[in-house]
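As structure tokens, the structure follows; a few thoughts come after it.
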Amino acid sequence: MEQAIRLTIENFDIERIGSELYTVIEIDLIRMYGLWKLYTGRKEEALAVFDEGIIIARIYKEQEMTEFMEIRKMDAINGNF
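Counting the sequence shown from 1 gives a position; my numbering is that position plus 4.
Structure below.
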């Protein structure tokens with residue numbers, strides 16, 4: 005499952021698709037991947053995924069997604085998972 009999610013994210017061609025809807029889907033996939041890493045006990049990997057997602061969300065001005073991933077990242081750092 006991890007490999008399938010990772011390949012989906014890596015092969016998501018935002019340039020070719022060129023739609024805001026697909027941008028949101030890409031960011032949401034990254035968010036879900038980070039949550040999955042947290043729930044499977046891989047905190048450091050989850051933090052890296054959230055960092056990646058925060059950068060992408062900021063680039064595309066998706067404030068709600070940025071805030072969500074920042075909150076989850078802080079939860080992970082503070083041991084709330």
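We put the CB at the ideal spot given by N, CA and C, even for glycine.
Residue 28 is not a Cβ neighbour of residue 56, given a cutoff of 8 Å. The alpha-carbon separation between residue 46 and residue 76 amounts to approximately 14 Å.
The beta-carbon separation of residue 60 and residue 31, rounded to 6 Å, stays under the 8 Å limit for a contact.
Just measuring C-alpha positions, the residue of 82, 81 and 69 sitting nearest residue 33 is 69.
When rounded, the separation of the alpha-carbon atoms in residue 43 and residue 50 is 9 Å.
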